[in-house]
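Residue numbers (this note's numbering): 6 to 636.
Ideal placement from N, C-alpha and C gives every residue a C-beta, glycine not left out.
Please read the structure below before turning to the comments.
Given below as structure tokens:
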């Protein structure tokens, strides 16, 4: 052996064996390893419930006290363990779930054999188990084993029913430093509840009961996936959850996603599973975010419950001891499959999806409807209401609905004769129509503030439509459809327009000229700080090119970190759609309003604009009655 820094060689035997390096005791090793697996009570609960599910349990009951720090108990009716198996179960790296040691085809939630010994190393653990169908005299009764801070006790016979009951007390009493880093019992209990909800969502065929400090949080029977998701996230499943399903190359995704009208402020309502394993995977969460990017507002998160089934050899679940992270062999395939499935699920017209939540539920942005009436909004007497003199827009090229017939006007009642019912209306009133059953958004009856269309649906519901936001979505979908068909049609300008910009903005636009050409926007450099516009996208009509180019330059400046062409094109399409849409304050004729509603009913994702804001609000009779205190 040669010692660095010296010119002499000293035999290994000549080096004194000093005690600065020593082997740790088995108890200390187990406590150190336990820190990787059991971080807090929620991690212990997760491991114990996964063991129950792997054992084939159809009922799992969880109860905790003091946030799971004082006591955590999991009871299941699974296969149970014999006395011999119970003694092996508390030894590190002892497991019944691996058929070989290749770690290639892992089909169980647990497989590392670390959960029970890790919990026993830092807490007081007691396990009572009895297998189903006694095969010997010893198995006619249950068996119990206890582990106290790493000290394993003997297996002893006790009374018990088939299945397993695991009780954990005084978590981290053997590692006081770790216990000091735990938060309040309420916070730890919330983390346990979140874990149980994710596991319950992944196994809807299993009954789950959760009890915290003697209070039943939920008691769910085995039920269909849709009912389980609705029970866990607290939504009206029939109203806001849409089914999704797709399959490609041996990879299958299915589940439910929420309509864009219902969102959350955090990702806690996103339940993602891979081969029935709840995961917090960045690939899947990124796919969900991209799929919803242009239909919900920034900072909001959708409710999704997606289950991904993939060949075991195509995914590595042995990334982290906690088993909440996975690694896909082909992440791009998985990401594309999930994005396509969600967008397909969301790609229905407004008439086919549930109505926007009104006052009967929580609106995604806390929006409250308020219609202000003012005499300043009355149209001039010389302006015929709904005369049709206004220019028509691209969405009005569809045939208008049948002629609207006025409903017979009833005579005023006695109590109404004293009201000024003959005063001029404060909104642009049109002939009252008969709602058409084939049109879910109904027929227009008025335009308020020259921005919002009021319609009456077949069921009598009141429908409010933001004309700019709605047309923005129609334009967005038209551009995107043409893009997928090979390119957006360009409308050449008779006289090219020159737009003066900051040199940096002009250079940025020219750097993306090829991408913009795919969208029908043809640009040429016209000296330092100037750009010549030769053609505009045909679906936009003839917007002013100056504001459009400035907004696009800002968009490219914000998205300098984006590396994919599709991400940039999505953002640019949203900008184009905004500039190509009718503006708030524009008076529309009755045919134009009707055509807009009909296009919305047939256009995918028309419930929100390109920026995620709602385009339509629908108030049922019950919602209106709540406004007036009738309910």
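Quick one: what's got a C-beta closer than 6 Å to residue i's C-beta in the same chain, skipping five residues either side?
{"i": "residue 73", "result": "46, 193 and 197"}
{"i": "residue 309", "result": "262, 275 and 293"}
{"i": "residue 336", "result": "288"}
{"i": "residue 51", "result": "200"}
{"i": "residue 78", "result": "68 and 172"}
{"i": "residue 497", "result": "540"}
{"i": "residue 153", "result": "129"}
{"i": "residue 253", "result": "342"}
{"i": "residue 625", "result": "466"}
{"i": "residue 223", "result": "215"}
{"i": "residue 97", "result": "122"}
{"i": "residue 417", "result": "Only weak support is given to the placement of residue 417: the predicted model assigns it a pLDDT of 43, under 50, and the question is left unresolved by the model."}
Given 8 Å as the limit, tell me if residue i has its C-beta closer than that to any heavy atom belonging to the ligand ATP.
{"i": "residue 444", "result": "Looking at this structure, you won't find the ligand ATP or any other ligand, since it has none at all."}
Over the uninterrupted beta strand (DSSP E) stretch that includes residue i, give me the two end residues.
{"i": "residue 89", "result": "No beta strand (DSSP E) holds residue 89; the alpha helix (DSSP H) holding it covers 88-94."}
{"i": "residue 161", "result": "161-163"}
{"i": "residue 26", "result": "Per DSSP, residue 26 belongs to no beta strand (DSSP E) and is neither H nor E."}
{"i": "residue 506", "result": "Neither: residue 506 is in no beta strand (DSSP E) and is coded neither H nor E."}
Report yes if the C-beta distance between residue i and residue j is below 9 Å; otherwise report no.
{"i": "residue 267", "j": "residue 295", "result": "no"}
{"i": "residue 255", "j": "residue 319", "result": "yes"}
{"i": "residue 216", "j": "residue 69", "result": "yes"}
{"i": "residue 155", "j": "residue 179", "result": "yes"}
{"i": "residue 466", "j": "residue 492", "result": "no"}
{"i": "residue 265", "j": "residue 329", "result": "no"}
{"i": "residue 552", "j": "residue 524", "result": "no"}
{"i": "residue 249", "j": "residue 313", "result": "no"}
{"i": "residue 593", "j": "residue 452", "result": "yes"}
{"i": "residue 502", "j": "residue 526", "result": "no"}
{"i": "residue 458", "j": "residue 469", "result": "yes"}
{"i": "residue 286", "j": "residue 331", "result": "yes"}
{"i": "residue 121", "j": "residue 94", "result": "yes"}
{"i": "residue 63", "j": "residue 251", "result": "no"}
{"i": "residue 2", "j": "residue 302", "result": "In the structure as shown, the chain begins at 6 and stops at 636. Residue 2 is therefore absent and cannot be evaluated."}
Pull the bridge partners of residue i from the DSSP assignment, please.
{"i": "residue 80", "result": "66 and 170"}
{"i": "residue 132", "result": "150 and 171"}
{"i": "residue 629", "result": "None, per the DSSP bridge assignment."}
{"i": "residue 223", "result": "215"}
{"i": "residue 260", "result": "249 and 311"}
{"i": "residue 606", "result": "Answer is none; residue 606 lacks a bridge partner."}
{"i": "residue 527", "result": "540"}
{"i": "residue 276", "result": "310"}
{"i": "residue 266", "result": "DSSP output for residue 266 lists no bridge partner at all."}
{"i": "residue 495", "result": "542"}
{"i": "residue 283", "result": "278"}
{"i": "residue 332", "result": "321"}
{"i": "residue 623", "result": "468"}
{"i": "residue 535", "result": "505"}
{"i": "residue 613", "result": "619"}
{"i": "residue 156", "result": "153"}
Tell me which residues share the same chain as residue i and place their Cβ nearer than 8 Å to its Cβ, disregarding the 5 neighbours each side in the sequence.
{"i": "residue 423", "result": "Confidence is the limiting factor: at residue 423 the pLDDT is only 45, short of 50, which leaves the residue's position unreliable, though a coordinate-based value still follows. Answer for residue 423: no residue qualifies."}
{"i": "residue 381", "result": "For residue 381, the predicted model reports a pLDDT of 32, less than 50, meaning its position is unreliable; a value from the coordinates is still stated below. Once the five neighbours on either side are set aside, residue 381 has no close Cβ partner at all."}
{"i": "residue 199", "result": "47 and 273"}
{"i": "residue 290", "result": "272, 275 and 277"}
{"i": "residue 651", "result": "For residue 651 there is no data in the structure shown, the boundaries of the chain being 6 and 636."}
{"i": "residue 365", "result": "Confidence in residue 365 is poor, its pLDDT being 35 and thus under 50, which makes the residue's placement too unreliable to answer from."}
Which two residues bound the contiguous alpha helix (DSSP H) that contains residue i?
{"i": "residue 338", "result": "336-351"}
{"i": "residue 123", "result": "120-127"}
{"i": "residue 238", "result": "230-238"}
{"i": "residue 52", "result": "46-59"}
{"i": "residue 197", "result": "190-207"}
{"i": "residue 182", "result": "181-185"}
CB-CB under 7 Å to residue i, same chain, minus the five flanking residues each way: which ones, in chain order?
{"i": "residue 428", "result": "Low per-residue confidence applies at residue 428: pLDDT is 47, beneath 50, and the placement is therefore not dependable, though the value from the model is reported in the following sentence. There are no such residues."}
{"i": "residue 533", "result": "508"}
{"i": "residue 518", "result": "528"}
{"i": "residue 66", "result": "80 and 214"}
{"i": "residue 210", "result": "227"}
{"i": "residue 237", "result": "202, 205 and 206"}
{"i": "residue 570", "result": "Residue confidence is low: residue 570 scores 48 on pLDDT, short of 50, so the model does not pin down where it sits. No coordinate-derived value is stated."}
Got a sec: is the Cβ-Cβ distance from residue i to anything in chain B below 9 Å?
{"i": "residue 163", "result": "Of the protein chains in this structure there is only one, and it is not chain B."}
Stretch pair the stretch 455-475 + the stretch 601-613: three plus CB contacts closer than 8 Å: By the criterion of at least three beta-carbon pairs nearer than 8 Å, the stretch 455-475 is in contact with the stretch 601-613.
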